[in-house]
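Residue numbers (this note's numbering): 2 to 84.
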């Protein structure tokens, strides 16, 4: 999330799988016309709530399209946990 001058960045040793991958950076995500988060599973509800509430310690909370739209697609288990 610290890369600001590239559209994509290489992740070479993530603790979460896959350990090596390519990721979009915040500048490109925030410049997008449409961004969608797709979330499933009751165990994700607390994190989703923190993101929606604007907890900037979470990378997903920093995704705020400047001139675009942010969509949330979640299953019933996640949405039930937001209350």
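Glycine included, every Cβ here is placed at the ideal spot set by N, Cα and C.
Return the residue from the list the options that minimises the CA-CA distance to residue i.
i          : options           : result
residue 37 : 71, 80 and 19     : 71
residue 28 : 15, 69, 81 and 14 : 69
Leaving aside the five residues before and after residue i along the sequence, list all residues of the same chain whose C-beta is less than 8 Å from its C-beta, in chain order.
i          : result
residue 41 : 75, 76, 78 and 79
residue 23 : 9, 10, 11 and 12
residue 26 : 2, 4, 5, 7, 8, 9 and 10
residue 50 : 82 and 83
Looking only at its chain, what residues have a beta carbon closer than 7 Å to the beta carbon of residue i, apart from the 5 residues adjacent to it on each side?
i          : result
residue 18 : none
*Does the stretch 15-34 come close enough to the stretch 56-71 that 3 or more CB-CB pairs lie under 8 Å?*
Flag = yes, the stretch 56-71 and the stretch 15-34 touch.
*If we count Cβ pairs, one from each stretch, closer than 8 Å, do we get three or more for the stretch 39-51 versus the stretch 75-84?*
Under the three-pair Cβ rule at 8 Å, the stretch 39-51 counts as touching the stretch 75-84.
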